[in-house]
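Trainee: These protein sequence lines map, in sequence, to chains R and S.
Letter by letter, the first sequence follows residues 345 to 408 in our numbering.
Letter by letter, the second sequence follows residues 60 to 194 in our numbering.
For glycine and all other residues, C-beta sits at the position ideal for the given N, C-alpha and C.
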Amino acid sequence: MKNELKALRTARGWSQGELAEALGVSRQTINALETGRYDPSLPLAFKIARLFGKPIEEIFAPED
Amino acid sequence: MSVRRHTERVYVLRMLAVALLYVGLVWARKHYLHADIAPALHTALVAGPVFPIWLMLFAVWRYYEGIDEFAQKRLLQILAASFGLSAATIVSYAFLEDLGLPKVDLLTAWPVMALFWLGLTVLAKWRDRVPGHEK
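1) Helix, strand or coil for LYS346 of chain R, going by three-state DSSP, please let me know.
2) Chain R partners of ASP127 of chain S, CB-CB under 8 angstroms?
3) Please list the partners that ALA376 of chain R has in chain A, where partner means a Cβ-to-Cβ separation under 7 angstroms.
4) Less than 8 angstroms between the CB atoms is what I'm expecting for ILE112 of chain S and TYR81 of chain S, so what's the real figure, rounded?
5) When the distance is taken between beta carbons, is PHE142 of chain S closer than 8 angstroms to VAL369 of chain R?
6) Rounded to whole angstroms, what's the CA-CA distance from PRO108 of chain S to VAL119 of chain S? Just pull it up for me.
7) Using a Cβ-Cβ cut-off of 8 angstroms (strictly less than) and excluding sequence neighbours within five positions of ILE137 of chain S, which residues of its own chain qualify?
8) What is the rounded straight-line gap between the Cα of ARG64 of chain S and the Cα of GLY125 of chain S?
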């Protein structure tokens, strides 16, 4: 699955550490999400969507 | 110190303490098993190593409960891979003993598992490291 996490984070001027703290996960998790090595659980995906004020499908999309 | 780092430090300390306790109890069992001691102490000596084995599981479970979902997935992957590799290595060696490889104690299985576990953990840490400019 691909995602817009890095673009959304950098647009807000946040570091990976700041985003990790806001979501209650580690920096390693944010890095793994941004580099596409990990797809989040639904609860975490909803948390991310809520944080950025966007629907999940605008942040995460299948690879095609 | 971040929550994750603290959780990892506590985990490492718990595992080290449990490993030391295990080694100590196995050593005591080996050296005093046939000594002239009270029956209750003999029973405690025989069953002693069981205690740290279950403590180790408890330490892993507490660590699992304290980490986020990505770290949980990694931990389970590492456990599955290291136990699978250990089983394959140990069973292979057992068959190869019949071809002349030196006989080893069954307890050797522990360090083999620990080495695979440690090696895969280091590999995963390296793979999941956060680049310096992203911190």
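Mentor: Taking the coordinates as given:
1) In the three-state reduction of the DSSP assignment, LYS346 of chain R falls in the strand class, which pools E and B.
2) Contact of ASP127 of chain S with chain R by beta-carbon distance below 8 angstroms involves GLY368, VAL369, SER370, THR373.
3) Structure shown: chain A not included; protein chains present are R and S.
4) About 7 angstroms; that satisfies the 8 angstroms criterion.
5) Going by C-beta atoms, VAL369 of chain R is not nearer than 8 angstroms to PHE142 of chain S.
6) One C-alpha to the other measures close to 17 angstroms.
7) Hits under 8 angstroms: TRP176, LEU179, THR180, ALA183.
8) The alpha-carbon atoms of ARG64 of chain S and GLY125 of chain S are separated by roughly 11 angstroms.
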